[in-house]
Amino acid sequence: MTLLAVIFYIAAAVAILATGAVLFARNAVNAVLYLLVSLFGVALMMYSLGGAFVAILEIIVYAGAIVVLFLFVIMMLNIARIEQHKDLQPPTRPQLLVPVILALVLMADLGIAIYAAAAGVSSGKTITVTAIGETLYRQHYLGVELASLVLLIGLIGALHLGSAAWFTHQKEANQDGTC
Amino acid sequence: MIQGVLVLDIVNKLPAWQLAILATLLKGAVVLFVLLTLAGYAVYVERKVIARLQNRVGPNRAGPWGLLQPLADVLKLLTKEESYPPFVNKVLFLLAPAIIAITGLLGFAIVPIGDSPWLVISDLNLGLLFFLALSSLGVYSIVLAGWSSNSKYAVLGGLRATAQMISYELSMALSLLAVVLMAGSFQLSQIARAQSPVWFIFLQPIGFLVFLTAMVAESRRTPFDIPEAENEIVAGFHTEYSSMKFALFFLGEYMGIVLLSFIISIAYLGGWSGPFVSGPWWLFLKVAFFVFFFIWIRTTYPRLRYDHLMTLGWKYLLPLSILNLILTALLGLVFPSLVPHALR
Chain A
37 MTLLAVIFYI AAAVAILATG AVLFARNAVN AVLYLLVSLF GVALMMYSLG
87 GAFVAILEII VYAGAIVVLF LFVIMMLNIA RIEQHKDLQP PTRPQLLVPV
137 ILALVLMADL GIAIYAAAAG VSSGKTITVT AIGETLYRQH YLGVELASLV
187 LLIGLIGALH LGSAAWFTHQ KEANQDGTC
Chain B
584 MIQGVLVLDI VNKLPAWQLA ILATLLKGAV VLFVLLTLAG YAVYVERKVI
634 ARLQNRVGPN RAGPWGLLQP LADVLKLLTK EESYPPFVNK VLFLLAPAII
684 AITGLLGFAI VPIGDSPWLV ISDLNLGLLF FLALSSLGVY SIVLAGWSSN
734 SKYAVLGGLR ATAQMISYEL SMALSLLAVV LMAGSFQLSQ IARAQSPVWF
784 IFLQPIGFLV FLTAMVAESR RTPFDIPEAE NEIVAGFHTE YSSMKFALFF
834 LGEYMGIVLL SFIISIAYLG GWSGPFVSGP WWLFLKVAFF VFFFIWIRTT
884 YPRLRYDHLM TLGWKYLLPL SILNLILTAL LGLVFPSLVP HALR
């Protein structure tokens, strides 16, 4: 086993353990920190497979931006303790149907991908930034465009929700005669 | 003399990878020593310069011209009581200052101070991204310090700092991306070399100004020191800290200033190149100027209001940096001779 392979397995173990800890943490801040550890584990796995660029993007985007926002929201709402809300009903069986089907499809997809690539997972070659750019914007540009469209829809949705709340707030403030 | 020959003999017999590790450790030790001394003297210079600009004398009691003041300060900090306020989350409370010191010091691993592999600890291919990753991880220190202190001032400071740093990180990264487009590489030494005829400050004036502004905001110093606004929230996220843990926050802040000065000098001012004889001294001169610049605007401008800060970040700097990036890419496509180093 090469040094990189050893690093890969250690990082994988850390990532899996940390993800488990996210699920079982009682404190929301601790859960987010375990998520951070898990992301670092995944980044290290990417690195040991030769994808240094992907690894560092994982840290910049996920650890540096998204998880910080999670922490920000948790701090702002002060919801460190995870409590069972009484008005939150557990989902019924028909409601669970679609998520379960989606999860099964995802797992099958993942299984097929792992099975197909089992021979050449760790080639040890470094993947250059140019190679990633070629793959994304020459071969899979349709996927990139679709993903950006989905993000745009999400952005418009967020804007709509945010501005609707803002407008009603303004209206109420005007009716109360306070600003 | 004989001992020196003996050491050389042993070093010569080492295999290449051990030699590489030894060289890296040595370079790291030298850089660490210089930086830790520099951090202390950065405080001294700051106090002296501010005093001069405000018509005062500044520290002048310890040693000639007060030159031993940093030593006295460090001794005082070291001998202070290490205290944990009640109700703090101890693990995170201790982790927070460690994170900022680590991310601040680790950034220097990729900074080349001259045109030779001996003058950089590790010239990473993705150096600029490594720097951006470290600066975005530095936010955790402040968030965790604010939250784990269990004090309302610390939480407010932490919230403000997070919002501010996330907002300005984007413009900083986007303005640096235009530099990467021009240089065709994320490697800092490569970026410095790509500026051999013309510095990027002349080709990227918008990007330079955006980076300069975002850089000051990222280091959370006046006029962007809303996270630690003394007259509103005591000292912000480090209200509850004392002794060595407080010193680590201070160290992180000054390391951040020096690191950002190095990055801006390399990305926009040609690094070690300069008139007459190029060499590390030009880089140090540029860095010294930017450190002075940080101090200079601290005494010149008052603190921004919070909504002004957000407006500046999201409504001006971010669109400007995106525009700059698109312009750079377009000009590079239309006039390829403008960006001879870009990848095609």
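Taken in order, these protein sequences are the chains called A and B. Take the numbering used here: the final residue in the first sequence is number 215, and no numbers are missing along the way. Take the numbering used here: the final residue in the second sequence is number 927, and no numbers are missing along the way. Every residue, glycine too, gets a C-beta built ideally from N, C-alpha and C.
Can you name the residues of chain A whose CB is closer than 9 Å to the CB of residue i?
{"i": "Tyr624 of chain B", "result": "None at all; the shortest Cβ gap to chain A is about 31 Å."}
{"i": "Gly729 of chain B", "result": "Met111"}
{"i": "Leu901 of chain B", "result": "Near Leu901 of chain B there are no residues of chain A at all, since even the closest Cβ is about 14 Å away, more than 9 Å."}
{"i": "Tyr572 of chain B", "result": "With chain B running from 584 to 927 in the structure shown, residue 572 of chain B is simply not present."}
{"i": "Tyr667 of chain B", "result": "Those within 9 Å of Tyr667 of chain B in chain A number zero; the least Cβ separation is about 18 Å."}
Which same chain residues end up closer than 7 Å to residue i when comparing Cβ atoms and leaving out the 5 residues on each side of it in sequence?
{"i": "Leu908 of chain B", "result": "Leu757, Leu760, Ala761"}
{"i": "Ser719 of chain B", "result": "Glu752"}
{"i": "Ile43 of chain A", "result": "Leu80, Ser84"}
{"i": "Val763 of chain B", "result": "Leu711, Phe769"}
{"i": "Ala622 of chain B", "result": "Leu834, Tyr837, Met838"}
{"i": "Leu702 of chain B", "result": "Pro695, Ile696, Pro863"}
Please list the partners that residue i has in chain A, where partner means a Cβ-to-Cβ separation under 8 Å.
{"i": "Arg741 of chain B", "result": "Per the sequence presented here, residue 741 of chain B reads as Gly, with Arg not at that position. Simply Met111."}
{"i": "Leu720 of chain B", "result": "Ile95, Ala99, Gly100"}
{"i": "Phe713 of chain B", "result": "Ile92"}
{"i": "Leu709 of chain B", "result": "Ala88, Phe89, Ile92, Val165"}
Among the residues of its own chain, which have a CB less than 8 Å from the CB of residue i, if the five just before and after it don't count?
{"i": "Val671 of chain B", "result": "Ser731, Ser732, Asn733, Glu823"}
{"i": "Ile137 of chain A", "result": "none"}
{"i": "Val103 of chain A", "result": "Val68, Leu71, Leu72, Leu75"}
{"i": "Gly198 of chain A", "result": "none"}
{"i": "Ser826 of chain B", "result": "Leu660, Leu661, Lys663, Glu664, Glu665, Ser666"}
{"i": "Ile95 of chain A", "result": "Leu75, Phe76, Ala79"}
{"i": "Phe829 of chain B", "result": "Leu660, Pro680, His821"}
{"i": "Tyr889 of chain B", "result": "Arg743, Ile809"}
{"i": "Leu831 of chain B", "result": "Pro680, Ala681, Ile683, Ala684"}
{"i": "Ser705 of chain B", "result": "Thr607, Ala692, Ile693"}
{"i": "Leu913 of chain B", "result": "none"}
Is the beta carbon of residue j closer than 7 Å to that of residue i?
{"i": "Leu866 of chain B", "j": "Ser844 of chain B", "result": "no"}
{"i": "Gly77 of chain A", "j": "Ala61 of chain A", "result": "no"}
{"i": "Gly87 of chain A", "j": "Lys161 of chain A", "result": "no"}
{"i": "Ala935 of chain B", "j": "Ile774 of chain B", "result": "Since the first residue of chain B shown is 584 and the last is 927, residue 935 of chain B is not available in this structure."}
{"i": "Gly697 of chain B", "j": "Pro858 of chain B", "result": "no"}
{"i": "Pro700 of chain B", "j": "Leu771 of chain B", "result": "no"}
{"i": "Leu717 of chain B", "j": "Gly741 of chain B", "result": "no"}
{"i": "Pro806 of chain B", "j": "Tyr884 of chain B", "result": "yes"}
{"i": "Ile682 of chain B", "j": "Ser724 of chain B", "result": "yes"}
{"i": "Tyr837 of chain B", "j": "Ala612 of chain B", "result": "no"}
{"i": "Arg881 of chain B", "j": "Arg804 of chain B", "result": "yes"}
{"i": "Ile168 of chain A", "j": "Leu709 of chain B", "result": "no"}
{"i": "Pro653 of chain B", "j": "Tyr627 of chain B", "result": "yes"}
{"i": "Thr745 of chain B", "j": "Phe108 of chain A", "result": "yes"}
{"i": "Leu707 of chain B", "j": "Phe714 of chain B", "result": "no"}
{"i": "Ala149 of chain A", "j": "Ile110 of chain A", "result": "no"}
{"i": "Leu675 of chain B", "j": "Leu727 of chain B", "result": "yes"}
Among residues of its own chain, excluding the 5 on either side of residue i, which ones have a beta-carbon nearer than 6 Å to its beta-carbon?
{"i": "Ala57 of chain A", "result": "Tyr70"}
{"i": "Leu172 of chain A", "result": "Val180"}
{"i": "Tyr736 of chain B", "result": "Ile816, Val817, Thr822"}
{"i": "Gly896 of chain B", "result": "Ser750, Tyr751"}
{"i": "Val90 of chain A", "result": "Met82"}
{"i": "Thr686 of chain B", "result": "Leu717, Leu720, Gly721"}
{"i": "Gln778 of chain B", "result": "Gly853"}
{"i": "Thr55 of chain A", "result": "Ser74"}
{"i": "Ala599 of chain B", "result": "none"}
{"i": "Ala645 of chain B", "result": "Leu651, Gln652, Ala655"}
{"i": "Gly790 of chain B", "result": "Ser758, Ala761, Asn907"}
Anything in chain B within Cβ reach of residue i, meaning under 8 Å, just list it in chain order.
{"i": "Leu53 of chain A", "result": "Neighbours of Leu53 of chain A on chain B: none; closest Cβ ~17 Å, over 8 Å."}
{"i": "Val50 of chain A", "result": "Here the premise fails: no neighbours, minimum Cβ distance about 17 Å."}
If the cut is a Cβ gap below 7 Å, which residues of chain B does residue i touch?
{"i": "Leu107 of chain A", "result": "Val726"}
Would you mind telling me which residues of chain A sit closer than 7 Å to residue i, beta carbon to beta carbon, in chain order?
{"i": "Val738 of chain B", "result": "Met111"}
{"i": "Thr540 of chain B", "result": "Residue 540 of chain B cannot be examined here, being either before or after the span of chain B that is shown, 584 to 927."}
{"i": "Ala716 of chain B", "result": "Ile92, Ile95, Ile96, Gly100"}
{"i": "Tyr851 of chain B", "result": "Going along chain A, no residue has its Cβ under 7 Å from Tyr851 of chain B, so there is no contact; the nearest lies around 21 Å."}
Given 8 Å, three or more beta-carbon pairs between the region 896-903 of chain B and the region 745-755 of chain B: yes
Within 8 Å of chain B by C-beta, residues of the region 84-105 of chain A in sequence order: Ala88, Phe89, Ile92, Leu93, Ile95, Ile96, Ala99, Gly100, Ala101, Val104, Leu105
Against chain A: residues of the region 615-640 of chain B by CB proximity under 8 Å: none
Residues from the region 54-65 of chain A in contact with chain B, defined by Cβ distance under 7 Å: Val65
Residues of the region 743-765 of chain B whose Cβ lies closer than 9 Å to any Cβ of chain A, in chain order: Thr745, Ala746, Met748, Ile749, Glu752, Leu753, Ala756
The region 870-881 of chain B touching the region 624-635 of chain B, judged by at least three CB pairs closer than 8 Å: yes
Chain A contacts made by the region 859-888 of chain B, where a contact means CB separation under 8 Å: none
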